[in-house]
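Chains as they are written, first to last, in this note's numbering: chain A, 1 to 564; chain E, 1001 to 1220.
Glycine residues also receive a C-beta, built at the ideal position from the N, C-alpha and C atoms.
Below: the structure, in structure tokens.
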């Protein structure tokens, strides 16, 4: 294939440009060329668009929750409607945004490029995974339109299997189907990382983003089938009258909780691990240093993936599981904090004596570290058997997991989108607006969720829309923060769109970053490289890159002016 | 890019046939691990309830016809043998034998499903399907089983999910059959046969676990 030839034509944006290289975006035109594409980069874009839609739906439901909670009385929703609202928020955000967020978009785009391959191992399966995701999403949206579901995103039995009047079956089918898209993505990553690395690219030369996605893939592959069979069992019970969790027959509703959390706790690591991978890349690039403790970060990803499978019972300290089981789960939960802490220490050490550049991605990454730290440390409160009884099912828990999922995963996701935006689109986003909205997100986030720690500690239960008046001040703060957060999320949506047409041309490596993805053009050609990449150096060789470029100071400082 | 090494049987993302074959094999094994976890959820539920309601499970298991189950086990084992012979034929590039063995495998697979359908219909007649009409009589000497309905819930869930996998397997076999009649496979390219074979053997092995778990409890 001749990707080096340049073609002259009117570009998609309508501007007549001199010579445009063939890349994955202009290689082919028309809706069909997108819907039938097998190019991992195009599939990543398809995912990017669809998860953004689901994020906006989930966000709209979050807005409804915050609106209702401004006053202690029920203003907008009945109890049942409120149940449906927070259930929808949870399902949309967890299953249709957070889990696919980084792996299916950035991972899909970058993993093959970072390992120097032309595509993922199974491109058709990759496309299939997107269709499965969309079909699952449509099922769930159909359930939503018909009247929604009110079980909470956790589908606890026997409420979900017997009593709920919502569209549990339809939603369950949607989530079951979507689970397979996650399994297929994970499978594709595992095979690609094992079998398709470029010559010279040993395991310890892989970018940490690849390690992180590999670890997350292990969880997707091992965990998702378990929640899938759990949903099947609920469906059999609800639809066909089998009675696996039915207490009337001697069945145990808590068994469902075990099966559910066996996946759904590790699922939290599916959300956070790729985010940690993003932060590792950004941290090294904008500190201009080799990442500190490469192997520790790489193995701590695997450590989190493995130990993460042994902690699920900490969701069930008050569900009537054996107190001995509680002790073991509590211990493992403390242990799983260790590899997370290793990462945080290594990132901090990477910044030490680095030349830190406060670019937009770096601001998101720094925000990630701060918020993840709060989320992680409060996780230890929740892991303590005694403390958990006090804070279980309160807003303390809500604040804790939002600090990890939003403060962690979403911050990293946005950081990653900004960091690789020039690679994905060939255009720079406006840096000033980027920094402004990163700051806005950070402030808005803390304003939204920090008061919830206090309200929760003082005893405000989650999942209620009517609450004692003394909690109102925290809820007003929180709702105000949500507004700021919403604006902070909207600004990037606008300027990223804007940049597609008006953004400055990026060039292959605007950040002077290390890694194979920066050696190819922006956007990359369909098969990623015009040559077979060979890796002959260690990853994160920033001192070499900077030494090399200081030889050509003049061009450099100009670049720095422009982009940093 | 190494275009010289690329022939039509090697997809564009792979360097050569060897890499392609290895990737496909690793992919299939990874998929089978997900399948183990999938059935694992059911087997977990089974283990817990069998431990909790041992008496009911013993009594309920005796209602199942051990010889019908045994027959089906043999049918599946033979189908695995013919599948293995089919893979061998593909490796040797023997198209006729490959087609023959795939057809025989499909016949055995269909026979298994037929017997399973017969067993299900019997359960319906004897009110052993969980739900409002469920009524457990048991066999002489083993009538007391207060939690038999849970056993049969698991019986239908486990064998049902297994049967679904058999149906998917038959679909794969149909696809293989079409391709092998067209002569798509030869000594250098038989990977799909091998991969589908792995799947078929896996589904077979699941049954090897289900048979004793459901039919052979306390048969002394």
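I'd like to check one pair, residue 111 of chain A with residue 189 of chain A: are the Cβ atoms closer than 8 Å? Sequence index remark: in the first chain, residue 189 of chain A carries index 189 (1-based). Sequence index remark: in the first chain, residue 111 of chain A carries index 111 (1-based). Yes, the Cβ-Cβ distance between residue 189 of chain A and residue 111 of chain A is below 8 Å.
Whole-number beta carbon distance between residue 1025 of chain E and residue 187 of chain A, since they are thought to touch under 8 Å: The residue you call residue 187 of chain A lines up with position 187 of the first chain. The residue you call residue 1025 of chain E lines up with position 25 of the second chain. The pair is not a contact, with the Cβ atoms about 13 Å apart (cut-off 8 Å).
Taking Cβ-Cβ distances below 9 Å as the criterion, which residues of the stretch 98-122 of chain A are in contact with chain E? 112, 117, 118, 119, 120, 121 and 122
Does the distance from the C-beta atom of residue 196 of chain A to that of residue 121 of chain A stay below 8 Å? On the first chain, residue 196 of chain A is found 196 positions in, with the first residue counted as 1. On the first chain, residue 121 of chain A is found 121 positions in, with the first residue counted as 1. The answer is yes: Cβ separation under 8 Å.
Which ranges does the alpha helix (DSSP H) cover as unbroken runs of at least 4 residues, wholly within the stretch 1041-1122 of chain E, from first to last along the chain? 1054-1063 and 1066-1092
Residue from A:394, A:237, A:231 and A:431 with nearest C-alpha to residue 358 of chain A: Position 358 of the first chain, counted from the first residue, corresponds to residue 358 of chain A. Measuring from the Cα of residue 358 of chain A, the nearest candidate turns out to be A:431.
Indicate whether residue 51 of chain A and residue 87 of chain A have their beta-carbon atoms separated by less than 8 Å. By 1-based counting over the first chain, the position of residue 51 of chain A is 51. By 1-based counting over the first chain, the position of residue 87 of chain A is 87. Taking 8 Å as the Cβ cut-off, residue 51 of chain A and residue 87 of chain A do not qualify as a contacting pair.
Exposure label - residue 36 of chain A; buried when at least 16 CB within 10 Å: Against the first chain, residue 36 of chain A aligns to sequence position 36. Result: exposed.
Flag this pair as yes or no: are the beta carbons of residue 302 of chain A and residue 412 of chain A separated by less than 8 Å? By one-based count along the first chain, residue 302 of chain A stands at place 302. By one-based count along the first chain, residue 412 of chain A stands at place 412. No, these two residues do not count as a Cβ contact at 8 Å.
Members of the stretch 1137-1155 of chain E that neighbour chain A once the beta carbon cut-off is set at 7 Å: 1147, 1149, 1150, 1153 and 1154
Using C-beta distances below 7 Å, list every residue in its chain close to residue 177 of chain A, excluding the 5 sequence neighbours before and after it, in chain order. Counting from 1 along the first chain, the entry for residue 177 of chain A is found at position 177. Answer for residue 177 of chain A: 132, 135, 136 and 139, listed in chain order.
Compare the Cα-Cα distances from residue 59 of chain A to each of A:74, A:85, A:71 and A:48 and report the closest residue. Taking the first chain and counting its residues from 1, the one referred to as residue 59 of chain A is at position 59. The option with the nearest alpha carbon to residue 59 of chain A is A:85.
Is it buried or exposed for residue 536 of chain A, if we count other Cβ within 10 angstroms and need 16 for buried? On the first chain, residue 536 of chain A is found 536 positions in, with the first residue counted as 1. Under this definition residue 536 of chain A is an exposed residue.
Which of the three DSSP states is assigned to residue 526 of chain A in this structure? In the first chain, the residue the question calls residue 526 of chain A occupies position 526. In this structure, residue 526 of chain A counts as coil in the three-state DSSP scheme.
Decide if residue 554 of chain A is buried, meaning its Cβ has at least 16 other Cβ atoms within 10 Å, or exposed. Position 554 of the first chain, counted from the first residue, corresponds to residue 554 of chain A. With a pLDDT of 44 at residue 554 of chain A, under the threshold of 50, the modelled position of this residue cannot be trusted; read the value that follows with caution. Looking at its Cβ environment, which holds fewer than 16 other Cβ atoms inside 10 Å, residue 554 of chain A is exposed.
Write down every uninterrupted run of the alpha helix (DSSP H) in the stretch 236-315 of chain A whose length is 4 residues or greater and which is fully enclosed by it, in chain order. 253-287 and 294-307
Would residue 1092 of chain E be called buried (16 or more neighbouring beta carbons within 10 Å of its own) or exposed? Counted from its first residue, the second chain places residue 1092 of chain E at position 92. Under this definition residue 1092 of chain E is an exposed residue.
For residue 397 of chain A versus residue 320 of chain A, is the C-beta distance shorter than 8 Å? As a working mapping, residue 397 of chain A is identified with position 397 in the first chain. As a working mapping, residue 320 of chain A is identified with position 320 in the first chain. Contact flag unset, no.
If we cut at 8 Å on Cβ distances, does residue 2 of chain A have a partner in chain E? As a first step, residue 2 of chain A must be located in the first chain, where it is residue number 2. Model confidence at residue 2 of chain A stands at a pLDDT of 38, short of 50, so the residue's coordinates are unreliable and nothing is read from them.
Kindly indicate if chain A contains any beta-carbon less than 8 Å away from that of residue 1040 of chain E. As a first step, residue 1040 of chain E must be located in the second chain, where it is residue number 40. Yes, residue 1040 of chain E counts as interfacial toward chain A.
Proximity test, Cβ basis, 8 Å: residue 190 of chain A and chain E: Here residue 190 of chain A refers to the residue found at position 190 of the first chain. Yes, contact with chain E.
Roughly how many whole angstroms lie between the Cα atoms of residue 1218 of chain E and residue 248 of chain A? As a working mapping, residue 1218 of chain E is identified with position 218 in the second chain. As a working mapping, residue 248 of chain A is identified with position 248 in the first chain. Each residue's alpha carbon lies about 26 Å from the other.
How many Å lie between residue 374 of chain A and residue 403 of chain A at the Cα? Residue 374 of chain A sits at position 374 when you count from the first residue of the first chain. Residue 403 of chain A sits at position 403 when you count from the first residue of the first chain. About 7 Å.
How big is the Cα-Cα spacing for residue 208 of chain A and residue 280 of chain A? For the purposes of this step, residue 208 of chain A is taken as the residue at position 208 of the first chain. For the purposes of this step, residue 280 of chain A is taken as the residue at position 280 of the first chain. Taking the straight line joining both Cα atoms gives about 6 Å.
Measuring alpha carbon to alpha carbon, tell me which residue in A:424, A:401, A:442 and A:433 is nearest residue 452 of chain A. Counting from one through the first chain, the residue named residue 452 of chain A turns up at place 452. The shortest C-alpha separation from residue 452 of chain A is found at A:401.
Compare the C-beta of residue 295 of chain A against all C-beta atoms of chain E and say whether one is closer than 8 Å. As a working mapping, residue 295 of chain A is identified with position 295 in the first chain. No - not a single Cβ of chain E is within 8 Å of the one on residue 295 of chain A.
Is there at least one Cβ from chain E nearer than 8 Å to residue 352 of chain A's Cβ? For this step, residue 352 of chain A is matched to residue 352 along the first chain. Chain E contact via Cβ: absent.
Any beta carbon of chain B sitting closer than 8 Å to that of residue 328 of chain A? Annotation note: the requested chain B is absent from the structure, which comprises protein chains A and E.
Chain E within 8 Å of residue 513 of chain A, Cβ atoms only: Counting from 1 along the first chain, the entry for residue 513 of chain A is found at position 513. False, the Cβ-Cβ gap to chain E never drops below 8 Å.
Of the residues E:1150, E:1097 and E:1112, which one's Cα is nearest the Cα of residue 252 of chain A? Looking up residue 252 of chain A in the first chain gives position 252. Nearest option by C-alpha distance: E:1150.
CB contact below 8 Å: residue 194 of chain A versus chain E: By 1-based counting over the first chain, the position of residue 194 of chain A is 194. At least one chain E Cβ lies under 8 Å of residue 194 of chain A.
Note down, in chain order, every chain A residue with its Cβ under 7 Å from the Cβ of residue 1031 of chain E. Working through the second chain from its first residue, we reach residue 1031 of chain E at position 31. Result: 187.
Where residue 165 of chain A falls, given that 16 or more other Cβ within 10 Å makes a residue buried: Taking the first residue of the first chain as position 1, residue 165 of chain A is located at position 165. Exposed.
Go through its chain and collect everything with a Cβ distance to residue 308 of chain A's Cβ below 8 Å, but skip five positions before and after it. Here residue 308 of chain A refers to the residue found at position 308 of the first chain. Within the same chain, residue 308 of chain A has close Cβ partners 219, 265, 266, 268, 269 and 336.
Given 8 Å, three or more beta-carbon pairs between the stretch 139-152 of chain A and the stretch 76-85 of chain A: yes
Kindly list, in the order they appear in chain E, the residues whose Cβ is closer than 9 Å to that of residue 266 of chain A. Your numbering for residue 266 of chain A matches position 266 in the first chain. Under the 9 Å cutoff, chain E gives no residues; its nearest Cβ is about 11 Å from residue 266 of chain A.
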